[in-house]
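For the protein sequence lines, the chains are A and B, in the order given.
One gets the numbering used here by counting positions in the first sequence from 1 and adding 31 to each.
One gets the numbering used here by counting positions in the second sequence from 1 and adding 621 to each.
One structure is given here, and the rest of the page talks about it.
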Amino acid sequence: MSTNMLEIRDLHAEVGGREILRGLDLKLRAGEVHAIMGPNGSGKSTLAQVLAGRDTYGVTGGTVLYQGEDLLPLSPEDRARAGVFLAFQYPVEIPGVSNNYFLRASLNAIRKYQGQEELDAVDFLALVQKKMKLLHMDDALMKRAVNEGFSGGEKKRNEIFQMAVLEPKLAILDETDSGLDIDALKTVAAGVNALRSPDRAILLVTHYQRLLTYIVPDRVHVLAQGRIVKSGGKELALELESKGYQWLEADQAAVC
Amino acid sequence: MLALKDSTTGVFASYMARFSGLDPRNAWLHALRQQSFDRFSEMGFPHHKQEGWRQTNITAIAQSVFEPRSAPPPAQLVPRLRSMDLPGVDWSPTALRLVFINGSFAPGLSALDLPPGCRISPLAPLLASEDAAVVAHAEYADEREQAFVALNTAFLADGALIEIPDGVELTAPISILYLTTGSKEEKGISHPRTIILAGRASAVSVVETVAGFAGDVYLSNSVTSIDAGDDARVEYVRLQQDSQAAFHVSKLRTRQGRNSHVVAHNIALGGGLVRNNVHSILDGEGAECTLNGLYALDAKQHVDNSTILDHAQPLCTSREYYKGVLDGQSVGVFNGRIIVRQDAQHTDAIQSNKNLLLSGSAATISSQPQLEIYADDVRCTHGATVGQLDAEALFYLRSRGLGLDESRKLLIYAFAADVLGRVQVPGLREALEGVLWQKWAE
């Protein structure tokens, strides 16, 4: 049995004094793809942001082990350098900084941390061109400012492209399907599928089942009111799609 | 206002003694200086309760004795100059370069391989020979309102003339360096004067650097005038790299003919107390003027940019983009006045002043647009913003492995990037980026 890439135990997190995560448990092994589904406000994005180290959320209880080590004391940059990657729901536009500069600085920060040699401009370009093909991206994009003037779909594709270049061990994809038309969704999904690997774990955070048609998960978890209320195989996603989230919330209310 | 001649302080006695020591033999020059000195004496230094000076208190200038210092011997000066990071000065032997130390031309440090027909010259010999172009431009019509300009003219002795004949396009940029020295005990002064005359359909780029050695105390009081003929294209870069203990007052006046283009960059990196006055007159139909400014301040720096864009003729376009990055306890002041004269129909003017206050700093910024529109068919817009680094962007960069300091630096740099991006002089933008990168790395 492979080791746990991510192990979350009884995680509690709040923002502005309001508790969002209320005792969340989750285990993800290397090589697995898990999906977390849930209605709006269930805490999906909070989980993604907490794992990436966003300081607007306060962790009030529980533990998060990444490759067996405590993840929570690490700064966002050290998490990234250690192999954690968050594909943002709303990628940020950064006018004045080119994709090329940003991504190379990012890759080299990670490589340096992991004791690898930094890539020079030539080697970096070769790597980038290879990965761009994966996402059907245009070379001109590298010269443009990070996400500036990108359409919603381009931004999401750029996130997965960054993931392809940075090759994280744990990737968290926050609503990567939102705002994508069907063609863009297929491209992004193909990119993610190409990045599935025995030594990488992927956590898909999504509201809709649609993405899971193209990226088939090993496990599906349902998040409601800050904790996992149901887990199952890929068929659980279809069940949610037909029944909605209401029945689960009703179950929860009955249990409480 | 306090008329200086009525004051009994040593300050006026010092200016008076120095003025009396000027060589009176050139009757024209002497009369010009005398008239300006009289105006300066009458007006005195502007008071901070006076309109236009409320946010900038120059008492420290008005109450200090500044006297010109002799230039350090070349054996000391040259290595120190070479070790300074002056992106605007091209030291290569083939460059067009004028260097002034404490107000006087330094031929040994300069290089003037003149392109045919162009005049690039120190002013001193032209003042002596009463050169027609210099005589025509030495006096300032608006001196009456400007004590510092009057002071500059009263001590007019040297500076730079750049005259490009009609139709000549000079591709190589001309660099000018005005370096002033002085100490706390012996404060220095210089009155740099630059006259740029661009003939009809000519093109020229001038990079003027005003600088001093770290820690030096002095007043640099410079005046630059640009006259762009019809269809001329002028790019002028003013790089202010004074010592943080120095005082700096400058005046830039531009006048433009029909369909001419002037881009005037104002990059303020140094100086303790700085006031930059810009007055751009769009004086021919179809003229275009861009004022592009950046002030990057820290510690206790105080930088005041007061600009006037004067639309005097129809169909002119002006763009004013000033950005500030403020750290420490620095103070920024921006006053942007746009005047649209009655005849200036179809004026198209955009003004923008954006400021970034770095977190944890006690810096302040005052930004004030002032629109005076006397024509009825015009487009004038203005906007001012004050903000801090975007927390979302900071987290985004960090989530990709960039450290906190590097992420901050990258965002500050990105904020200023569009201002630097407008600099067209070959290689200068990159060199400036290097200087700013260093500054923000601290």
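Where is the CB? At the ideal position from N, CA and C, for every residue including glycine.
Note that the structure is predicted; figures quoted are calculated from it, not measured.
Since residue i is in the beta strand (DSSP E), which residue starts that stretch and which ends it?
i, result
"lysine 200 of chain A", "Note, lysine 200 of chain A: premise wrong, no beta strand (DSSP E); not H, not E."
"histidine 668 of chain B", "It is not in any beta strand (DSSP E) - histidine 668 of chain B carries neither H nor E in the DSSP assignment."
"serine 901 of chain B", "894–903"
"proline 736 of chain B", "Here proline 736 of chain B belongs to no beta strand (DSSP E), and DSSP marks it neither H nor E."
"aspartate 644 of chain B", "That residue, aspartate 644 of chain B, is in no beta strand (DSSP E); it is neither H nor E in DSSP."
"proline 126 of chain A", "125–129"
"alanine 263 of chain A", "Strictly speaking, residue 263 of chain A in this sequence is glycine, with alanine absent from that position. 258–263 is the extent of the beta strand (DSSP E) around glycine 263 of chain A."
"histidine 869 of chain B", "868–877"
"proline 1068 of chain B", "Nothing about residue 1068 of chain B can be read from this structure; chain B reaches only from 622 to 1063."
Give the DSSP bridge partners of residue i, in chain order.
i, result
"methionine 68 of chain A", "A:Thr237, A:Val253"
"phenylalanine 116 of chain A", "A:Ala202"
"glycine 914 of chain B", "B:Asn887, B:Tyr943"
"glycine 957 of chain B", "B:Thr928, B:Pro990"
"tyrosine 799 of chain B", "B:Phe721, B:Val831"
"valine 90 of chain A", "A:Ala44"
"asparagine 976 of chain B", "B:Gly945, B:Val1007"
"glycine 811 of chain B", "A small fix is needed here, since residue 811 of chain B is serine in this sequence, not glycine. B:Ser841."
"lysine 1060 of chain B", "According to DSSP, lysine 1060 of chain B bridges with nothing at all."
"tyrosine 97 of chain A", "A:Leu37, A:Glu100"
"valine 177 of chain A", "A:Ile125"
Do residue i and residue j have their C-beta atoms closer together than 8 Å?
i, j, result
"glycine 949 of chain B", "lysine 921 of chain B", "yes"
"isoleucine 783 of chain B", "leucine 818 of chain B", "yes"
"glycine 833 of chain B", "threonine 802 of chain B", "yes"
"cysteine 937 of chain B", "leucine 912 of chain B", "no"
"isoleucine 888 of chain B", "arginine 859 of chain B", "yes"
"serine 811 of chain B", "proline 689 of chain B", "yes"
"aspartate 848 of chain B", "asparagine 880 of chain B", "no"
"glutamate 108 of chain A", "leucine 1023 of chain B", "yes"
"phenylalanine 658 of chain B", "alanine 775 of chain B", "yes"
"arginine 110 of chain A", "alanine 140 of chain A", "no"
"isoleucine 631 of chain B", "valine 720 of chain B", "In the sequence as displayed, the identity of residue 631 of chain B is glycine instead of isoleucine. Not closer than 8 Å, so no."
"glutamate 179 of chain A", "isoleucine 125 of chain A", "yes"
"threonine 830 of chain B", "valine 710 of chain B", "yes"
"alanine 79 of chain A", "glutamate 190 of chain A", "no"
"leucine 150 of chain A", "leucine 166 of chain A", "no"
Would you mind reading off the limits of the alpha helix (DSSP H) that contains residue i?
i, result
"histidine 651 of chain B", "648–664"
"isoleucine 769 of chain B", "The sequence shown places phenylalanine at residue 769 of chain B, rather than the isoleucine named in the question. Here the alpha helix (DSSP H) through phenylalanine 769 of chain B covers 768–775."
"serine 273 of chain A", "266–274"
"valine 1040 of chain B", "1025–1042"
"proline 1047 of chain B", "Careful: proline 1047 of chain B lies outside any alpha helix (DSSP H) and carries neither H nor E."
"tyrosine 861 of chain B", "The sequence as given places glutamine at residue 861 of chain B; tyrosine does not occur at that position. Careful: glutamine 861 of chain B lies outside any alpha helix (DSSP H), inside the beta strand (DSSP E) at 854–862."
"leucine 165 of chain A", "152–165"
"isoleucine 682 of chain B", "680–683"
"glycine 222 of chain A", "213–225"
Could you tell me if residue i is buried or exposed, where buried requires 16 or more neighbouring beta carbons within 10 angstroms of its beta carbon?
i, result
"serine 704 of chain B", "exposed"
"glutamine 697 of chain B", "exposed"
"aspartate 41 of chain A", "exposed"
"aspartate 931 of chain B", "buried"
"alanine 44 of chain A", "buried"
"glutamate 266 of chain A", "exposed"
"tryptophan 1058 of chain B", "exposed"
"proline 813 of chain B", "buried"
"histidine 923 of chain B", "buried"
"tyrosine 995 of chain B", "exposed"
"glutamate 807 of chain B", "exposed"
"asparagine 224 of chain A", "exposed"
"glutamate 941 of chain B", "buried"
Short of 6 Å in beta carbon distance, which residues of its chain neighbour residue i, apart from the five on each side in sequence? Order them along the chain.
i, result
"serine 871 of chain B", "Ser843, Asn897"
"valine 64 of chain A", "Ile233, Pro248, Asp249"
"glutamate 733 of chain B", "The identity of residue 733 of chain B in the sequence shown is leucine, whereas the question assumes glutamate. Once the five neighbours on either side are set aside, the close Cβ partners of leucine 733 of chain B are Ile741."
"leucine 102 of chain A", "Val95"
"serine 1028 of chain B", "Leu1015, Leu1018, Arg1019"
"glycine 93 of chain A", "Arg40, Asp41, Leu42, His43"
"valine 177 of chain A", "Ile125, Val128, Asn130, Phe133"
"phenylalanine 661 of chain B", "Ala768, Ala771, Leu772, Ala775"
"glutamate 272 of chain A", "Gln240"
"serine 635 of chain B", "Val686"
Give every residue of the same chain whose Cβ lies closer than 7 Å to the Cβ of residue i, excluding the five residues on either side of it in the sequence, and list them in chain order.
i, result
"tyrosine 132 of chain A", "none"
"aspartate 919 of chain B", "Asp948, Gly949, Ser951"
"alanine 866 of chain B", "Gly836, Asp837, Val838, Gly893"
"cysteine 287 of chain A", "With a pLDDT of 42 at cysteine 287 of chain A, under the threshold of 50, the modelled position of that residue is not reliable, and the figure given next carries that caveat. The answer is none, since no qualifying residue turns up."
Between residue i and the rest of its own chain, which residues show a CB-CB distance below 8 Å, the 5 nearest in sequence each way excluded?
i, result
"isoleucine 986 of chain B", "Gly945, Leu947, Val952, Gly953, Val954, Phe955, Asn976, Leu978, Val1007"
"valine 755 of chain B", "Leu744, Leu747, Leu748, Leu782, Ile816"
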